[in-house]
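Working notes, beginning with the structure itself.
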Ligand SMILES: Nc1ncnc2c1ncn2[C@@H]1O[C@H](COP(=O)(O)OP(=O)(O)O)[C@@H](O)[C@H]1O
Ligand SMILES: [Mg+2]
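In my numbering, the protein residues as written are 2 to 401.
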């Protein structure tokens, strides 16, 4: 096996990149903390370069690329003559293709290794001219440090009630709010990963860029990773959403123990409730056996808003609520989110979400507005706001 020379500490990697830039003749300014959009500033004559440094195991993805390009177009970046994106792990094929297609004149993509920085995209080279070939990567030791990363597990023992749908669109709602989100695909079916692939023929880039909803921001990214690609120390993302396997034991134990919050989707479905009315409390118990800190939220999904169903919904809700109230007496950190506050309505947009896999179009969420409205978008924004109010994720905002 070849030795793994990868640097795992992002600060160390940043210093290495800074030294490599110095050897290229640049004066290096390490900005004071909390600069949005870049990590190092380079100066040479009239040139001023914003350098974004990424010390990841997985290759840089489309979402991260688009966010950096958006940053370079912001007024706060107008002092810079160009931007460099320096990665340790290289770039997905989609990013390289996008960069070649965009041909941004003041952007460079580079990969830093022991031998220095190799340019993967350089606007001064003609299209297709000698972008450096990338080397295969080895997995390295998990190096997990508990920081302020907040973990959400989307879990229930029951299949088909919307775990994957909720995980993806909750990530979308958080991204609209400005959080960069990691989506961990823990289900062996790998549905989530497939749904976010930029190129269905290649497994390396599962991501989505969410443009900003306010002027002056550079938007946010959703990056889908497998459990073995995720490493808290090398990513700056602080919100991790796990799409779990319904078989609890199939999920990595160390991740279940890390869940700060669990969202447990359920439906008001008479057959389901009659047959196993205790599925929610069983799920609570199941998780609690392995994790005694997680706060758990049961969420009603596929809610039929039609007025003629109001009465039925009320009765079904009472049946779901009763065992939860009973259970809560011993475990107050478990709750039902009352549908008066938040529910995910049944919608065609969600039912048909994933059609891009059939027609081959790029990944997207089911947030598209029809007549200026999108029920899923409204519902998931309400869920994200509810969770912001009932968790401590806002504390992660100032860290990045
Ligand atoms: N609110 C909703 N409205 C309409 N269809 C939904 C809704 N939520 C989920 N679905 C559909 O239900 C099916 C199962 O959802 P999925 O997220 O794959 O569940 P799980 O991951 O729990 O197996 C999918 O076909 C999905 O499109
Ligand atoms: Mg699923």
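Here a beta-carbon is modelled for each residue, glycine too, at the ideal position from N, C-alpha and C. Source: prediction; values computed, not measured.
- Query: If you measure from the CB of residue 165, is any heavy atom of ligand 2 nearer than 7 Å?
  - Reply: yes
- Query: So, are the CB atoms of residue 175 and residue 240 less than 8 Å apart?
  - Reply: yes
- Query: What do you reckon, are the CB atoms on residue 68 and residue 90 nearer than 8 Å?
  - Reply: no
- Task: Examine ligand 1 and report whether any of its heavy atoms sits within less than 7 Å of the Cβ of residue 302.
- Result: yes
- Item | Among 203, 183, 23, 43, nearest to residue 92 - alpha-carbon criterion | 203
- Query: residue 228 and residue 253: beta carbons closer than 8 Å?
  - Reply: yes
- Assign residue 383 to one of three DSSP states: helix, strand, or coil. helix
- Query: Does DSSP classify residue 324 as helix, strand or coil?
  - Reply: helix
- Is residue 80 near ligand 2, in the sense that its beta carbon is under 7 Å from a heavy atom of that ligand? no
- Query: Should residue 140 be labelled buried (16 or more other beta-carbon atoms within 10 Å of its own) or exposed?
  - Reply: Summary for residue 140: the model assigns pLDDT 36, below 50, so the residue's position carries little reliability; its value from the coordinates is reported in the next sentence. Classification of residue 140: exposed, given that the 10 Å Cβ count is below 16.
- Message: My output table needs one value for residue 158: the three-state DSSP class, helix, strand or coil.
- Response: coil
- Task: Please report how far the alpha carbon of residue 51 lies from the alpha carbon of residue 106, in whole angstroms.
- Result: 14 Å
- Item | Whether residue 53 touches residue 86 by CB criterion (8 Å) | yes
- How would you write the range of the beta strand (DSSP E) that residue 243 sits in, first residue to last? 240-244
- Taking 7 Å as the line, does the beta carbon of residue 188 fall inside it for any heavy atom of ligand 4? This structure simply doesn't include ligand 4; it includes ligand 1 and ligand 2 instead.
- For residue 121, the three-state DSSP class (helix, strand or coil): strand
- Item | Complete runs of the alpha helix (DSSP H) confined to the region 79-128 [at least 4 residues] | 94-103
- What is the C-beta distance between residue 8 and residue 22, in whole angstroms, given that I count them as a contact (C-beta under 8 Å)? Residue 8 to residue 22, Cβ: 16 Å. No contact.
- Task: Could you check the C-alpha separation between residue 27 and residue 155 for me, to the nearest Å?
- Result: 47 Å
- CA-CA distance, residue 281 and residue 62? 36 Å
- Query: Which term fits residue 327, buried or exposed, when burial requires 16 or more other beta carbons within 10 angstroms of its beta carbon?
  - Reply: exposed
- Query: Does the beta carbon of residue 99 come closer than 8 Å to any beta carbon on chain B?
  - Reply: Protein chains in the displayed structure number just one, and chain B is not present.
- When the Cα atoms are used, what is the spatial distance from residue 168 to residue 64? 18 Å
- Looking at C-alpha atoms only, which residue of 221, 231, 88 is the closest neighbour of residue 150? 231
- What do you reckon, is the C-beta of residue 192 under 7 Å from a heavy atom of ligand 2? yes
- Leaving aside the five residues before and after residue 145 along the sequence, list all residues of the same chain whose C-beta is less than 6 Å from its C-beta, in chain order. Reliability fails at residue 145, whose pLDDT of 38 lies under 50, so the model's placement of it is uncertain and no value is given.
- Buried or exposed: residue 190, going by 16 or more other Cβ atoms within 10 Å of its Cβ? exposed
- Task: Tell me whether residue 13 sits in a helix, a strand or coil according to DSSP, three-state version.
- Result: helix
- Query: Per DSSP, residue 208 is paired with what?
  - Reply: 224
- Item | Best match in 270, 122, 261 for proximity to residue 295 [C-alpha to C-alpha] | 261
- Three or more beta-carbon pairs under 8 Å between the region 70-81 and the region 109-123, yes or no? no
- Beta-carbon separation (whole angstroms), residue 287 vs residue 249, contact threshold 8 Å: 5 Å
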